[in-house]
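The sequence shown begins at 7 in the working numbering and counts up one residue at a time.
By construction, the Cβ of each residue, glycine as well, lies at the ideal position given by its N, Cα and C atoms.
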Amino acid sequence: IASFYILKRHSVENLLHRSLILVGLTLLINSFWILPNLYYGINYGADVISSKINRLFTKEAFYFNKKYGNLSNFLLLKNFLFDWSVFNNSKEAHGLLSEWAKHLSNPLIRILGYLFSTISIVGIIVAIRKKSALLVSFVPIFFISTVFLLSNTPIFSQIFDLVRASNKLIGELLRFPFTKFSIYLVFTLSIYFAYINQLVIEKLIKIFGKFKDYSVISVYFYSVIILILIYSAPSFRGNFISPIVRVNIPNQ
Numbered sequence: 007i008a009s010f011y012i013l014k015r016h017s018v019e020n021l022l023h024r025s026l027i028l029v030g031l032t033l034l035i036n037s038f039w040i041l042p043n044l045y046y047g048i049n050y051g052a053d054v055i056s057s058k059i060n061r062l063f064t065k066e067a068f069y070f071n072k073k074y075g076n077l078s079n080f081l082l083l084k085n086f087l088f089d090w091s092v093f094n095n096s097k098e099a100h101g102l103l104s105e106w107a108k109h110l111s112n113p114l115i116r117i118l119g120y121l122f123s124t125i126s127i128v129g130i131i132v133a134i135r136k137k138s139a140l141l142v143s144f145v146p147i148f149f150i151s152t153v154f155l156l157s158n159t160p161i162f163s164q165i166f167d168l169v170r171a172s173n174k175l176i177g178e179l180l181r182f183p184f185t186k187f188s189i190y191l192v193f194t195l196s197i198y199f200a201y202i203n204q205l206v207i208e209k210l211i212k213i214f215g216k217f218k219d220y221s222v223i224s225v226y227f228y229s230v231i232i233l234i235l236i237y238s239a240p241s242f243r244g245n246f247i248s249p250i251v252r253v254n255i256p257n258q
């Protein structure tokens, strides 16, 4: 919102007033979990850093995450959970995202993933060139998410390491940056993906609308939907939540 008001050249007073109201309401609504965590972080944050699980697992967790901090995995939204295994009742290890790993091993599916992400990035460039204040206001969210998720990519990795090294507690919080920033990234990518498709459909309407022929527009629209369904097929085969960790709802 701050980015939007700056781009729209609103007065600083108006910007501060509206931003403070929004931030205040957000904090108030979420105070039921923010305040206990803030209290614990201030009073017992050092205990987390010196805990045994921290000494045993933090570095391993960080390198699990960093393995996927390159551009290829970023575009496919792959993360450390692809290496995560869970033991079943028979004490056999099963990959948490084994179905997704199998799905993305198909070169055609990976091409689809790269295509979708590239379209979203093109959407960012077009939004900036068109000076759309509303759309450009989401760019900082995309950029911040990108910095923390490309933790194994030159320049971005240096920024990420600098932030982690600034404070031990922050370093602990950022051992799994994907769980903190992936939702923001997907949110912004979705916006710019939809924006580009909106522009394409508007262009097709201008070209074919004069002939009252909307078949090409329909073909494009449904093709995009079908490609999205193909790319996310495991979600519709019962793997949106891994069966290993999914809890079945009792019949009674």
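- Within the model, the alpha-carbon separation for F86 versus S111 is close to 16 Å.
- If the five residues before and after I207 are omitted, its C-beta is found closer than 8 Å to the C-beta atoms of I223, Y226 and F227, all from its own chain and listed in chain order.
- Scanning the stretch 90–155 from its first residue to its last, the whole beta strand (DSSP E) runs of 3-plus residues come out as 91–93 and 99–101.
- A straight-line Cα-Cα distance of about 36 Å links L22 and T159.
- N245 and S238 have their alpha carbons spaced roughly 10 Å apart.
- If you check the CB distance, S188 and L155 come in under 8 Å.
- Assignment of V225 by DSSP, reduced to helix, strand and coil, places it in the helix class.
- Note on N79: 16 or more other CB atoms within 10 angstroms of its CB, so buried under the neighbour-count rule.
- Inclusion of V153 and F166 in the CB contact set at 8 Å is warranted, their separation being smaller than that value.
- The C-beta distance from G51 to L180 rounds to 14 Å, too long to fall under 8 Å, and the pair is not in contact.
- As the crow flies, the alpha-carbon of F38 is around 53 Å from that of G215.
- Y69: member of the alpha helix (DSSP H) spanning K58 to K73, first to last residue.
- One alpha carbon belongs to F162, the other to N203, and they sit about 29 Å apart.
- In this structure, the beta-carbon distance from D89 to F68 does not fall below 8 Å.
- Classified as buried, T194 has 16 or more neighbouring CB atoms from the shown chains inside 10 Å of its CB.
- According to the DSSP assignment, A200 belongs to the alpha helix (DSSP H) that extends over P183 to F214.
- Here I234 carries a helix assignment [DSSP, helix/strand/coil].
- Excluding five sequence positions before and after S123, the CB atoms of its chain that fall closer than 6 Å to its own CB belong to L81, given in chain order.
- Rounded to the nearest whole angstrom, the C-alpha separation of I55 and K65 is 12 Å.
- In the three-state reduction of the DSSP assignment, K84 falls in the coil class, being assigned neither a helical nor a strand state.
- The C-beta separation of L28 from S248 comes to about 36 Å, leaving the pair out of contact by the 8 Å criterion.
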